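Participant: This is the structure, below, for whatever I ask next.
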Amino acid sequence: SGIADTFKKFLPFGESDDSEKKMGTEQLDIMKKRIEEAKKILSDPAKTHYNVVTIAEAMSILESERSIQVLKEYSIPVESVIINQLIPENLECPFCMEKRKIQQGRVKEIESKFSKFRIRQVPLLKEEVKGFEILEKVGKELYGN
């Protein structure tokens with residue numbers, strides 16, 4: 464039937480001629496080579512490094528641990544852990560002061576768990592991190608001038 468013939472073109476089983484199989488195999492070989500090239504670049508510390516970004520909350524810290532473990536399994540180098548959205552000190556807001564105290568405890572946890580990585584901190588900003596000017600501001604927070 465017409466419908467069955469249509470599906471046979473897309474499904475990995477059924478009748479197909481040798482030229483279709485060869486074309487599919489060639490495409491898989493090309494894809495495999497591209498993946499191998501990408502893995503080579505991603506795992507080369509001279510070309511690539513990762514900065515894991517987290518926030519000072521328990522779930523985010525756990526996710527960062529898992530991310531670092533997966534990157535390690537693939538031999539992908541992690542350079543630093545960035546703690547984002549830290550509440551600044553000297554606020555006259557009781558809620559903010561309490562939240563900051565909790566965050567500071569999590570910062571200590573992060574520094575302990577990820578001690579072999581450079582730890583960087585970024586304060587909570589009043590504006591959304593969007594656009595060149597704000598990105599430049601965050602870059603200065605992270606890396607200085």
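608 is the number that my numbering gives the last residue of the sequence shown; the numbers go up by one with no jumps.
We treat Cβ as the ideally placed atom computed from N, Cα and C, and that holds for glycine.
Note that the structure is a prediction, hence the values are computed from the model and not measured.
Can you name the start and end residues of the beta strand (DSSP E) that Leu549 belongs to?
Facilitator: Leu549 -> beta strand (DSSP E) spans Val541 to Leu549.
Participant: Please go through the segment 528–592 and give each complete beta strand (DSSP E) segment of 3 or more residues, from N-terminal end onward.
Facilitator: Fully enclosed beta strand (DSSP E) runs of 3 or longer: 541–549 and 581–586.
Participant: Roughly how far, in whole angstroms, is the beta-carbon of Ile550 from the beta-carbon of Lys562, given that I think they are within contact range, below 8 Å?
Facilitator: Indeed they touch by this definition, with Cβ atoms about 6 Å apart.
Participant: Beta-carbon separation of Arg581 and Ile524 under 8 Å?
Facilitator: Contact: no.
Participant: Throw me the rounded Cβ distance for the Val516 and Asn553 pair, which I believe falls under 8 Å.
Facilitator: Contact doesn't hold; Cβ gap of about 25 Å is too wide.
Participant: Counting only C-beta atoms, is Lys576 closer than 8 Å to chain D at any point?
Facilitator: Here there is only one protein chain, and chain D is not present.
Participant: Put Thr517 into one of helix, strand or coil per three-state DSSP.
Facilitator: Residue state, collapsed to three classes: strand.
Participant: So, are the CB atoms of Tyr513 and Ile493 less than 8 Å apart?
Facilitator: In this structure, Ile493 does not lie closer than 8 Å to Tyr513 by Cβ.
Participant: State the DSSP-derived secondary structure class of Ser523, mapped to helix, strand or coil.
Facilitator: In this structure, Ser523 counts as helix in the three-state DSSP scheme.
Participant: With distances taken between CB atoms, is the gap from Ser543 to Arg583 smaller than 8 Å?
Facilitator: Yes.
Participant: Assuming Ala509 contacts Gln566 under a Cβ cut-off of 8 Å, what Cβ separation, rounded to an integer in Å, is found between them?
Facilitator: Not confirmed; about 35 Å, so no contact.
Participant: Within its chain, find whatever has a CB closer than 8 Å to the CB of Met560; leave out the 5 residues flanking it on each side and keep chain order.
Facilitator: Closer than 8 Å at the Cβ level, and outside the excluded window around Met560, lie Leu554.
Participant: Have a look at Lys535 and Lys503 and give me their C-alpha separation to the nearest angstrom.
Facilitator: The straight-line gap from Cα to Cα measures roughly 14 Å.
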